[in-house]
Structures are given as structure tokens and as C-alpha cells.
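Peer 1: Please see the structure below; I have some questions.
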Amino acid sequence: MTLHAGTFVVLVRGDTVPAAAVNALRSADRVYVAGDVDPSLGDAAPATLVDEARTAAVVLLTSELDSPLVAAGAPVLAAPASGLVAAARVMDRLRSPGGCPWDAEQTHDSLRQYLVEECFELLEAIEDGDRAALREELGDVLLQVLFHARVAEEDADDPFTIDDVAAELVAKLVGRHPHVFAGGDPAVRDASTQQVRWEELKQQEKRRESSVDGVALGQPALALAAKLAQRTARAGLPGDLLPKHDDLGSRLFDLAALAKLAGQDPEAELRAAARRFAAQVRAAEKAAKEAGEDGMSHEIWRKYWPHA
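Each residue of the sequence shown is one higher than the one before, counting from 2 in this note's numbering.
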């Protein structure tokens with residue numbers, strides 16, 4: 002049996018009830034409270050909450066999302082960014098005493114592999130145009146940020162919190178967009194000049210001595226070559242000084258640099274070509290199997306290879 006159409010869970014932060022919940026509260030048959038919500042706002046949530054919500058318009062005001070109503074499928078109404086706060090609280094509970102033993106054992110170092118994996122899974126969802134997977138993978142990447150920030154909070158020498166991370170991000174975004182937040186910037190006229198201005202402001206902030214300072218040398222080699230070519234071009238490096246030797250590495254670097262400076266993304270282009278190739282391999286193998294072929298010889302591969 003489904004829940005009553007007027008049943009909602011309202012996520013409350015402090016004394017703030019989201020505007021989206023006003024109509025639900027006005028039409029509710031019963032209002033209950035749970036968690037840290039002011040008890041004067043409703044009755045304490047009973048054990049029969051889910052059963053009541055099947056026949057009546059029930060609104061639960063709560064500070065947490067671990068209610069049986071949520072598990073039963075009740076819609077959640079929350080103020081903007083309330084979900085982020087809830088996610089941070091869940092991460093805090095998992096990491097705290099009485100939480101998850103595995104989560105409690107993790108370190109920045111042990112979590113590295115998951116950060117890389119989740120980023121690639123997010124990239125795949127974007128390339129596939131899969132909206133459901135995109136939403137899920139964005140959440141998995143967010144989990145990595147929350148997890149690392151929670152681990153950092155416990156550092157004995159230099160602790161910081163997720164709020165510190167967010168505050169630093171806000172300061173960076175505001176500082177690097179003076180044309181938006183500081184009444185204008187004559188150096189910014191369009192998206193292209195904004196990119197140049199971003200790099201200028203970044204170098205001023207970080208007091209970098211080289212145009213390639215800050216480039217992540219651990220990223221995939223093709224993307225690294227493209228980024229180095231882009232950075233040095235902005236610094237005025239003549240194109241003839243880019244690697245152009247006969248060794249394979251230099252030839253690959255040159256190809257990546259030419260693509261990037263022409264406005265293309267060589268990493269994305271190569272990934273797209275690799276994905277097309279993988280799809281062709283699967284198609285040929287499937288066609289051969291359906292035709293009853295025994296094994297995949299050179300002749301069989303050529304016979305079933307999709308050329309279109």
C-alpha cells in the first residue's frame with residue numbers, strides 16, 4: 002500500500018523550514034517532529050508513523066534522513082543545499098565511534114584509488130549521456146570530497162573541516178571572478194579572455210614562479226602534454242620549442258600539443274576513438290558467435306568487422 006499523496010518528510014536545519022514545505026504543512030492532517038527539531042512544532046513521531054502515512058496526510062519535520070518514512074518512499078522537501086549538510090552528517094556518523102569499522106580505518110592514502118575510479122566512472126556517464134548514472138556518479142565523487150574532509154578533521158597537526166574546504170572554494174571563486182563580484186574587470190570580455198585572466202589571477206594568488214607550476218604531473222600522459230602545451234602557449238612560448246624529436250614520446254607530445262592548440266581535447270578524442278574500437282570488437286565477436294563461428298581467426302575478425 003502506497004503512502005498518502007499528502008505525506009512528506011521536511012528536512013529542517015536550525016529553525017528554518019524550507020518554503021517548499023509551507024503548503025504541505027497547511028494541508029497536513031498530522032505533523033510530527035523527530036531529531037533535533039523544536040518539539041513545539043509537532044508531536045513526537047510514533048512507531049506507527051508509516052502506517053498512519055498510508056491513510057492520512059502526514060508531515061514529518063526532521064533534522065535527519067534516517068526516518069522509516071524516507072525508506073517507505075515519502076518525498077523529501079528541503080531548503081537548497083540541505084542535502085549537502087545531510088550528506089556531511091552521514092559521513093560524520095560513519096566515521097565516528099559506533100559507525101562503520103571500514104570507514105573508520107581509511108586514510109587519505111587508502112582512499113586515493115577510489116577517487117580516481119569514481120572520477121573515471123563519472124567521465125564515462127558523461128560520455129554515455131546517461132543522466133541517471135551522472136547523478137549517481139556525481140554523488141560518488143562528492144562522497145570522496147566529504148570522506149577526505151572528514152579524515153582531515155582528525156589530523157593532529159593541521160586539521161580542517163568540510164566547512165573550511167567550502168570557504169576556501171568560495172573565496173577562490175569570488176577572487177577569480179572580479180568581473181562578477183567586484184563590479185567589473187576590463188581584462189574580461191568573453192569566455193576566452195576569462196580563461197587567460199583566471200590563470201593570471203591564479204599565478205598572483207599562489208606566487209608561482211613558472212607557467213607550468215601547479216600542473217598535475219600525475220594525470221594521464223596525453224592530458225598532461227596537452228595541458229603543458231596550453232599553459233606554455235599562454236605564457237608566450239614559441240611553438241617551435243615544443244618537443245619535436247623522432248622518439249615516440251616526442252611525437253605523441255607534438256600531436257597532443259597540436260590538437261590542444263587547435264581547440265581540441267586530445268584526451269577526449271583518444272577516449273572516443275578507443276570506445277568506438279571497443280564497440281566494434283564487441284559487435285564483431287557477437288556477430289561471429291551468432292553465426293556459429295568457432296573461435297576468432299584473422300579471417301573471422303575481418304569477415305564480421307563492422308565497417309560502418
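We put the beta carbon where it would ideally sit given N, CA and C, even for glycine.
Take Ala21 and list the residues in its own chain whose beta-carbon comes closer than 6 Å to its own, dropping the five residues that flank it on each side.
Peer 2: Within the same chain, Ala21 has close Cβ partners Leu78.
Peer 1: Between Leu70 and Met297, what straight-line distance do the alpha-carbon atoms span, to the nearest angstrom?
Peer 2: Cα-Cα distance, rounded: 55 Å.
Peer 1: Comparing alpha-carbon positions, which option in Gly264, Asp295, Glu122 lies nearest Leu135?
Peer 2: Closest by alpha carbon: Glu122.
Peer 1: Mind checking which residues open and close the beta strand (DSSP E) that includes Thr63?
Peer 2: Start and end: 59–63.
Peer 1: Can you tell me where the alpha helix (DSSP H) with Phe182 in it begins and where it stops?
Peer 2: Unbroken alpha helix (DSSP H) run through Phe182: 179–182.
Peer 1: Evaluate contact between the stretch 191–206 and the stretch 152–163, counting only Cβ atoms and requiring at least three cross-stretch pairs below 8 Å.
Peer 2: No, the stretch 191–206 is not in contact with the stretch 152–163.
Peer 1: Is it true that the CB of Pro239 sits closer than 9 Å to the CB of Phe254?
Peer 2: In this structure, Pro239 does not lie closer than 9 Å to Phe254 by Cβ.
Peer 1: DSSP three-state call for Arg198: helix, strand or coil?
Peer 2: DSSP places Arg198 in helix when its eight states are reduced to three.
Peer 1: To the nearest angstrom, how far is the alpha carbon of Leu112 from that of Glu154?
Peer 2: Answer to the nearest angstrom: the Cα atoms are 15 Å apart.
Peer 1: According to DSSP, is Val10 helix, strand or coil?
Peer 2: Of the three classes helix, strand and coil, the one that applies to Val10 here is strand, per DSSP.
Peer 1: Return the chain-ordered ranges of every alpha helix (DSSP H) run that is complete within the stretch 94–158 and spans a minimum of 4 residues.
Peer 2: As far as the stretch 94–158 is concerned, its whole alpha helix (DSSP H) runs of at least 4 residues are 102–106, 109–129, 132–154.
Peer 1: Excluding the 5 residues flanking Asp104 on each side, which residues of the same chain have their C-beta closer than 6 Å to its C-beta?
Peer 2: Once the five neighbours on either side are set aside, the close Cβ partners of Asp104 are Leu95, Arg96.
Peer 1: Measuring alpha carbon to alpha carbon, tell me which of Arg190, Ala25, Ala172 ends up nearest Thr8.
Peer 2: It is Ala25 whose Cα lies nearest to the Cα of Thr8.
Peer 1: Looking at the secondary structure, which residues open and close the beta strand (DSSP E) in which Leu78 lies?
Peer 2: Taken as a continuous stretch (DSSP letters only), the beta strand (DSSP E) holding Leu78 covers 77–79.
Peer 1: For the beta strand (DSSP E) containing Val34, name the first residue and the last one.
Peer 2: Element bounds for Val34: 31–35.
Peer 1: Of the residues Pro19, His5, Pro102, which one's Cα is nearest the Cα of Val11?
Peer 2: Ranking Pro19, His5, Pro102 by Cα distance to Val11 puts Pro19 first.
Peer 1: Is the distance from the Cβ of Val32 to the Cβ of Gly43 below 9 Å?
Peer 2: Yes, the pair counts as a contact, with Cβ atoms nearer than the cut-off.
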